[in-house]
Structures are given as structure tokens and as C-alpha cells.
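J.: Taking my numbering, the leading residue of the sequence shown gets 1, the next gets one more, and so forth. The C-beta atom is built at its ideal place from N, Cα and C for all residues, glycine as well.
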Amino acid sequence: MKLAAERDSNFEFSATVWPNGHYIHTIGGYHEQKVGYLFWLLYKLSAPPDKLSKPANTALSATGVDDVYPENGDHILFWYKKI
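1) Considering Ala-15, what are the terminal residues of the beta strand (DSSP E) in which it resides?
2) Quick check: the Cα distance between Ser-61 and Ser-9, rounded to an integer number of angstroms?
3) Between Ile-27, Thr-58, Lys-82, Pro-19, which lies nearest to Met-1 when the distance is taken from Cα to Cα?
4) Does the Cβ of Trp-79 have 16 or more other Cβ atoms within 10 Å, making it buried, or fewer, making it exposed?
5) Could you give the DSSP three-state label for Lys-2: helix, strand or coil?
And the structure:
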């Protein structure tokens with residue numbers, strides 16, 4: 001993520017360091033909104049995301065961003081979603 005942000009300002013993000021790792025709270029100027037329950041959710045997909053349908057809950061990462069290691073063919077999706 002750091003490398004992408006260095007190369008392209010569209011990938012700008014902000015994170016807070018917690019005891020269990022980095023917590024991404026802002027991507028591309030979109031900040032989490034605790035009052036409106038809008039947060040960045042992290043998904044690990046085996047195919048590109050479909051803009052017309054939400055990813056399966058089983059694809060939601062069980063770990064924080066620090067522990068996500070994409071493998072060949074994986075697609076990482078940060079979805080700004082009301083929960």
C-alpha cells in the first residue's frame with residue numbers, strides 16, 4: 001500500500017497503529033464515519049470484484065491488513081461500507 005501511494009496519489013491512505021497492527025481508516029480522502037457506521041472493510045478475493053454485487057462475507061479478511069499476504073491471482077478489495 002505504501003508503494004502504491006508513493007507512485008500514485010489515488011492510492012493515498014491513512015492508518016492508525018494499534019497493538020494488533022495497522023488500522024486503515026482513510027483511503028483516497030474517504031474517512032471512516034463512526035456516527036454513520038461507514039468503515040473500510042478488507043476482502044481477499046480470488047477474482048476481480050464485481051461492481052454490481054457485493055463480495056461474499058466469507059471473503060472478508062479474518063485478520064488485519066498487516067497479516068494479509070496476497071498470493072498469485074488474489075485480488076485485495078477495500079470496500080467503504082455501512083455496517
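T.: According to the structure shown:
1) 13-18
2) 25 Å
3) Ile-27
4) exposed
5) helix
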